[in-house]
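Enquirer: Before anything else, here's the structure in question.
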Ligand code: MSP
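Structural data, given as C-alpha cells:
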C-alpha cells in the first residue's frame, strides 16, 4: 500500500480576489503535493473558498449582488488564478457546495444531540473582519490588532459549543505532538495560550446573519462561519457529516496556514474533531506573513500584489520560485518588486538560465554527444552518476519544510558549475575530448538540479530535463530573459 499524503490550504474568504499572501500558501502546498506524488505517495491536495458569514454578506451588498452571485464570481477568480499558476490541487472546496452544507448540518446535529452544543448567550465583542469573538485583552487601543478596527458589541442568544470540555485532552495532545504544531515557537505560543487563558465555550450560531447554513434544529439561526469553514477539510474529501466515519485520506498529513488563523485551528477545529470522533490532523505548519516594503498589504494602501501581476512580469515558474524564496519558510518576509527583480536576475536569468544556455551552446557548437543519467523521481537517484549526496540534502530540507534551504543547495550546485567554466574556459580549447570532460559533469549537475526543481518550477524543469537528456544537446530558447 502506498503511503498517503493529504495536504490542505485554508479556504480563502471571497471578500477579495487572490493576492500574493494566498498565493504563498497555495504554491507551498502545491510544491509539497508535487514532491510527495513524485515520491510515489497517494496524494490529495485540497484548497477552496470560504463563502458564508457577515463579512461576505456585507461585501456582496456593497457590490449590489446577491451573496451567492457574488461568491460565484470570486470563487471563479480563485480557481482561475490557481490554474494560471499551475497549481495541481485535487479538490476545490466551496462552503456553498450542497454536499458541504448538508454535511455541516448533519455534523452539528450530532454535536447538539450529544450535548456538546447548548443554547446560551454571547455578550461581548466581535471582529467582523476576523469573523471572531474577541476579548478586551486581544485588543490594542480598543482595536483588533490584525484589522485595525474597533470590534462591534454583541449581545445575542446563540447555540454554544462546549469548547472548554476538550481543553485538557487537546493540550495533552498538542504537548505530545499528537497534533504537531510547527515551527516550534508556534507550538509554544499555543501551549502557553492553553495554560494561561484556557478555552472558553464559543458561540456556534448567529441570529443576525442570514448568509449562512441554517442550524438544522432552529432555522432562526445560521451556523457560525468558522464552524462551517473548518468542516471543508472533511467535506472536500466527500465526507457526508457522519461522526466517527473518516473519509479516505483523513487525517490530514499537513495543514498549511499563516499565524493569523493558527489559534482557531489549534483550539476550535481539533475540538470539533474530538466531538465528532475523528482523528486530529498530524501537522499544522505555520508559515510567515508577507509585508510589502515594510507595510501591511491592503487595498487602502494600494500595494496589493496579485498573482497575475507576478506572472505577467516573470512568467509562471519564475513567479512560483520567487514567492518561495522570498523568506525562510516559517518566518515573516518583507517583499518588494525590487527584491523580486534582483532575485530573478541573480538566480534565474544569470544563474540557472545562463548556465544552461552556456553549456548547451558549447555542446552544440562542438557537436558533442553526452550520455547523462537522470533521476527516476524527484530526489531519488536512478543510477550512480546522479548526485546522491545532493538528493539526500535536498530531501532532508524538503522534509523539514526548509524550501529556501533546498533551493539554496541547488543554487550552490549551479554556482560550482559556473566556477568550473570560468576556471577552465572550455570555449578557448580546441581539444574536443577536453571540452567534453569539462562540460559533462556540469551538464549532469544541470540535469540533476532540474529534476529536483520540478516541484517548484514544473514546466521549466521539464524543458531542461528534455533538453539535457537528448542525445545531442542543443541550445534552446532563453529560459529566463533578463528583466
Ligand atoms: N477563511 C479563513 C480561513 C478558514 S480555513 C477553515 C481565512 N481566509 S483568508 O482569506 O483570510 O486567508 C488567510 C490565509 O491566507 C492565511 O492564513 C495565509 O495562509 C494566507 N495569507 C493571507 N495573507 C497573507 C500574507 N500577507 N502573508 C502570508 N500569507 C497570508 O482566514
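Residue numbers (the working numbering): 141 to 623. All C-beta atoms in this analysis are idealised placements derived from N, C-alpha and C, irrespective of residue type, glycine included.
1) Quick one, which of 229, 306, 194, 258 has its alpha-carbon nearest residue 165's?
2) Do you know offhand how far residue 580's Cα is from residue 553's?
3) Does DSSP put residue 181 in a helix, a strand or coil?
4) Could you check whether the Cβ of residue 243 sits closer than 7 Å to any heavy atom belonging to ligand 1?
5) I need the straight-line Cα distance from residue 391 to residue 385, nearest angstrom please.
6) I want to know whether the segment 415–423 touches the segment 181–190 - three or more CB-CB distances under 8 Å.
7) Using three-state DSSP, classify residue 416 as helix, strand or coil.
8) Mapping DSSP to helix, strand and coil, what is residue 336?
9) Examine ligand 1 and report whether any of its heavy atoms sits within less than 7 Å of the Cβ of residue 161.
10) Whose C-alpha, out of 444, 408, 241, is nearest the C-alpha of residue 351?
11) Tell me the DSSP secondary structure of residue 611 in three-state form.
12) Starting from residue 427, follow the alpha helix (DSSP H) in both directions and report where the run begins and ends.
13) I'd like the span of the beta strand (DSSP E) that includes residue 144, first residue to last.
14) Assuming contact is defined by CB atoms lying nearer than 8 Å, are residue 549 and residue 583 in contact in what I supplied?
15) Based on DSSP bridge pairs, tell me the residues matched to residue 473.
16) Report all residues from its chain with a CB closer than 7 Å to the CB of residue 283; omit the five preceding and five following residues, and keep chain order.
17) Cβ of residue 146 within 7 Å of any heavy atom in ligand 1?
18) Which residues in the same chain have their Cβ closer than 7 Å to the Cβ of residue 177, if we skip the five residues on either side of it in sequence?
19) What's the call for residue 252, buried or exposed, on a 16-neighbour Cβ count within 10 Å?
20) Could you pull out every residue in the same chain whose Cβ sits closer than 8 Å to the Cβ of residue 519, ignoring the five residues on either side in sequence?
21) Would the beta-carbon of residue 401 be found less than 7 Å away from any heavy atom of ligand 1?
22) Just to confirm, does residue 299 get its C-beta within under 7 Å of one of the non-hydrogen atoms of ligand 1?
23) Assess contact between the segment 355–362 and the segment 260–272, defined as three or more Cβ pairs (one per stretch) separated by less than 8 Å. Is contact present?
24) Taking the beta strand (DSSP E) that residue 358 belongs to, which residues open and close that run?
25) Per DSSP, what kind of secondary structure is residue 297 in: helix, strand or coil?
26) Use the C-beta contact count for residue 388: other C-beta atoms within 10 angstroms, 16 or more gives buried, fewer gives exposed.
27) So, using beta-carbon positions, are residue 299 and residue 259 closer together than 8 Å?
28) Kindly indicate which residue of 505, 510, 546, 610 has the alpha-carbon position closest to the one of residue 570.
29) Does DSSP classify residue 575 as helix, strand or coil?
30) Sort 256, 460, 452, 445 by Cα distance to residue 160 and report the nearest one.
31) Kindly indicate which three-state DSSP category residue 319 falls into: helix, strand or coil?
32) Counting Cβ pairs, one atom from each stretch, are 3 or more of them under 8 Å apart for the segment 402–414 and the segment 437–452?
33) Can you tell me whether residue 522 is helix, strand or coil according to DSSP?
34) Beta-carbon within less than 6 Å of residue 525's beta-carbon, same chain only, minus the 5 sequence neighbours each way: which residues are those?
35) Let me confirm a value: residue 555 is counted as buried when at least 16 other C-beta atoms fall within 10 Å, else exposed. Which label applies?
36) Which of the three DSSP states is assigned to residue 158 in this structure?
Expert: Quick answer:
1) Taking the first residue of the chain shown as 1, we reach residue 165 at position 25. Comparing Cα positions, the closest option is 229.
2) Taking the first residue of the chain shown as position 1, residue 580 is located at position 440. Taking the first residue of the chain shown as position 1, residue 553 is located at position 413. Approximately 14 Å, taken between the alpha carbons.
3) Locating residue 181 in the chain shown gives position 41, where the first residue counts as 1. Residue 181 falls in the coil class under three-state DSSP.
4) Here residue 243 is taken as the residue at index 103 of the chain shown, counted from 1. No, ligand 1 has no heavy atom inside 7 Å of this Cβ.
5) If you number the chain shown from 1, residue 391 lands on position 251. If you number the chain shown from 1, residue 385 lands on position 245. Distance between the alpha carbons of residue 391 and residue 385 is about 11 Å.
6) no
7) Within the chain shown, the letter at position 276 stands for residue 416. Coil at residue 416, not helix or strand.
8) As a first step, residue 336 is located in the chain shown; it is residue number 196 there, counting from the start. In the structure shown, residue 336 sits in a helix (DSSP, three-state: H, G or I).
9) The residue given as residue 161 occupies position 21 in the chain shown. At least one heavy atom of ligand 1 is nearer than 7 Å to the Cβ of residue 161, so yes.
10) For this step, residue 351 is matched to residue 211 along the chain shown. Selected option, being the one with the closest Cα: 241.
11) If you number the chain shown from 1, residue 611 lands on position 471. In the structure shown, residue 611 sits in coil (DSSP, three-state: anything other than H, G, I, E or B).
12) Indexing the chain shown from 1 puts residue 427 at position 287. Not the alpha helix (DSSP H): residue 427 falls in the beta strand (DSSP E), residues 423–427.
13) For this step, residue 144 is matched to residue 4 along the chain shown. Here the beta strand (DSSP E) through residue 144 covers 144–153.
14) Here the question's residue 549 lines up with position 409 in the chain shown. Here the question's residue 583 lines up with position 443 in the chain shown. Not a contact, by the Cβ cut-off of 8 Å.
15) The residue given as residue 473 occupies position 333 in the chain shown. In DSSP, residue 473 forms a bridge with 430.
16) Position 143 of the chain shown, counted from the start, is the residue given in the question as residue 283. These residues qualify, in order along the chain: 289, 290.
17) For the purposes of this step, residue 146 is identified with residue 6 of the chain shown, where counting begins at 1. Every heavy atom of ligand 1 is 7 Å or more from the Cβ of residue 146, so no.
18) Taking the chain shown and counting its residues from 1, the one referred to as residue 177 is at position 37. So the list reads 183, once near-sequence residues are dropped.
19) For the purposes of this step, residue 252 is taken as residue 112 along the chain shown, with counting starting at 1. Label assigned to residue 252: buried.
20) Position 379 of the chain shown, counted from the start, is the residue given in the question as residue 519. Interpretation of residue 519 is limited by its pLDDT of 43, a score under 50 that renders its predicted location unreliable; the figure taken from the coordinates is listed afterwards. Here the set comprises 175, 178, 179, 531, 534, 535, 538, 591, 592.
21) Position 261 of the chain shown, counted from the start, is the residue given in the question as residue 401. For ligand 1, at least one heavy atom lies less than 7 Å from the Cβ of residue 401.
22) Numbered from its first residue, the chain shown carries residue 299 at position 159. No, the Cβ of residue 299 stays beyond 7 Å of every heavy atom of ligand 1.
23) no
24) The sequence position of residue 358 within the chain shown is 218, counting from 1. Start and end: 358–363.
25) Taking the first residue of the chain shown as position 1, residue 297 is located at position 157. Residue state, collapsed to three classes: strand.
26) Residue 388 sits at position 248 when you count from the first residue of the chain shown. So residue 388 counts as exposed.
27) Sequence index remark: in the chain shown, residue 299 carries index 159 (1-based). Sequence index remark: in the chain shown, residue 259 carries index 119 (1-based). Yes, they are a contact pair.
28) The count along the chain shown starts at 1 and reaches residue 570 at position 430. Of the listed residues, the one whose Cα sits closest to residue 570 is 505.
29) As a first step, residue 575 is located in the chain shown; it is residue number 435 there, counting from the start. Note: residue 575 maps to helix in three-state DSSP.
30) Taking the first residue of the chain shown as 1, we reach residue 160 at position 20. The option with the nearest alpha carbon to residue 160 is 445.
31) As a working mapping, residue 319 is identified with position 179 in the chain shown. Of the three classes helix, strand and coil, the one that applies to residue 319 here is coil, per DSSP.
32) no
33) Looking up residue 522 in the chain shown gives position 382. Any answer about residue 522 is weak, because its pLDDT of 41 lies below 50 and its placement is not dependable; what the coordinates show is given next. If DSSP states are grouped into helix, strand and coil, residue 522 belongs with coil.
34) The sequence position of residue 525 within the chain shown is 385, counting from 1. Since pLDDT at residue 525 reaches only 43, below the 50 mark, its modelled position is unreliable, and the value read off the structure follows with that caveat. Only 513 meet the Cβ criterion.
35) Working through the chain shown from its first residue, we reach residue 555 at position 415. Counting Cβ neighbours within 10 Å, residue 555 comes out exposed, since fewer than 16 surround it.
36) Within the chain shown, the letter at position 18 stands for residue 158. It is coil, neither helix nor strand.
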